[in-house]
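For reference, the structure discussed in these notes is given below.
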Amino acid sequence: YSTDSFTCLENWYLNDPIAKSLGAHLIQPLSSSLENTSPYLLAVYGTNNKFKSPDVIARWGYIYRQCKAKGVRVIGYSSDCDSRY
Numbered sequence: 016y017s018t019d020s021f022t023c024l025e026n027w028y029l030n031d032p033i034a035k036s037l038g039a040h041l042i043q044p045l046s047s048s049l050e051n052t053s054p055y056l057l058a059v060y061g062t063n064n065k066f067k068s069p070d071v072i073a074r075w076g077y078i079y080r081q082c083k084a085k086g087v088r089v090i091g092y093s094s095d096c097d098s099r100y
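This is the structure in structure tokens:
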């Protein structure tokens, strides 16, 4: 979902199911210096946790294409131990 309308946001809140889980994507820049670079939040969304591996791969592909379009090079992905990843 994406909106600039409070009324639209309120409508989603009142009429759509509330997510039980939260999905978060973080990004961490690579640095050639010895300084540590901290990750920062790229995207976050609610989920009902009912997704399969193809959904994850499709999301990663979307993130890759959006980053590439903005001149950001994605080196790789990592995840937790969920077997769907």
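When we follow this note's numbering, the leftmost residue of the sequence shown carries the number 16, and every step to the right adds one. Yeah, the Cβ is synthetic: ideal placement off N, Cα and C, and Gly gets one too. Note that the structure is a prediction, hence the values are computed from the model and not measured.
Assigned secondary structure, VAL89 (DSSP; H/G/I helix, E/B strand, else coil): coil
field: Residue nearest to LEU57 in terms of C-alpha spacing, selected from ASP31, ALA34, GLY38
entry: GLY38
field: Expected contact under 8 Å - CB spacing of ALA84 and ASN63 to nearest Å
entry: Actually they are not in contact, since the Cβ atoms of ALA84 and ASN63 sit about 29 Å apart, beyond 8 Å.
- request: State the Cα-Cα distance for the pair TYR28 and ASP95, rounded to the nearest angstrom.
  value: 29 Å
- prompt: Considering only the beta carbon of each residue, do LEU41 and PRO54 sit closer than 7 Å?
  reply: yes
- request: Could you spell out where the beta strand (DSSP E) holding ILE42 opens and where it closes?
  value: 36-42
task: Note down the Cα distance separating GLN43 from THR52, rounded to an integer number of angstroms.
output: 7 Å
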